[in-house]
Amino acid sequence: KNEVEQSPQNLTAQEGEFITINCSYSVGISALHWLQQHPGGGIVSLFMLSSGKKKHGRLIATINIQEKHSSLHITASHPRDSAVYICAVMNYGGATNKLIFGTGTLLAVQP
Amino acid sequence: KAGVTQTPRYLIKTRGQQVTLSCSPISGHRSVSWYQQTPGQGLQFLFEYFSETQRNKGNFPGRFSGRQFSNSRSEMNVSTLELGDSALYLCASSHGNQETQYFGPGTRLLVL
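Chains A and B, in that order, are what the protein sequence lines are.
Going by the numbering used here, the residue at position 95 of the first sequence is 95; the numbering climbs one at a time, nothing skipped.
Each number in the numbering used here corresponds to the 1-based position in the second sequence with 111 added.
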């Protein structure tokens, strides 16, 4: 079993829909990252969070440490949101920036 | 500030050759991590350097090595290339511990 699981693996939505991507992990973590990867490979860090909730524009990320679960929400989705969204956790342990990645969620938003 | 840069962006090599990839972190960042991305295995951690010292290594064979220079620039080297080493190699930098990582555009390596 992977240490970081994401669901769904693939998601197709219509423009304007509310989208949720889920991430569950089984290891102790100090922080969780949500990353976005567009075709061509470039990765952008969307959020890094260790508790509660963060919001940036139409994106919202939440984490429940007790349940070892995080969600990424996209409100009013747009075709430009089409990308792979990757959840990654940073192992608890201080002097490290090592990330363990989920397998990613491929999102396609249709106009 | 300029972002993380990686060179070269694309590379074609043949089995048995060796390759060196370069990563220049954001100015002031002391940590550089390297990752391999393949369709089959996804993103996997290779190693991390902090202030010229390797402080973490992933589960990759000894053919994969790296180093970091005093200006925080980092290189990774893969010797005796195998077909399975074909991948996108990404580096990411951060200022210190447990902080947001900023990714470079990656080097796409094809081994024939």
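Note that CB positions come from ideal geometry on N, CA and C, so glycine has one too.
*Going by beta carbon distance, what residues of the same chain come within less than 6 angstroms of Asn188 of chain B, once the five residues before and after it are set aside?*
Thr131, Ser176
_Do Ala83 of chain A and His33 of chain A have their beta-carbon atoms positioned less than 8 angstroms apart in this structure?_
no
*Starting from Gly217 of chain B, find everything on chain A with Cβ-Cβ shorter than 9 angstroms and list it in chain order.*
Gly40, Gly41, Gly42, Ile43
_Closer than 7 angstroms between beta carbons: that is the criterion. Which residues of the region 2–18 of chain A meet it against chain B?_
none
_Interface flag, Ile86 of chain A vs chain B, CB-CB below 8 angstroms_ = yes
*Looking at C-alpha atoms only, which residue of B:Trp145, B:Arg219, B:Arg184, B:His206 is the closest neighbour of Glu163 of chain B?*
B:Arg184
_If the criterion is Cβ atoms closer than 8 angstroms, does the pair Gly41 of chain A and Gly114 of chain B meet it?_
no
*Report the three-state DSSP secondary structure of Gly169 of chain B (helix, strand or coil).*
coil
*Would you say Glu17 of chain A and Pro111 of chain A are within 8 angstroms of each other, going by their C-beta atoms?*
no
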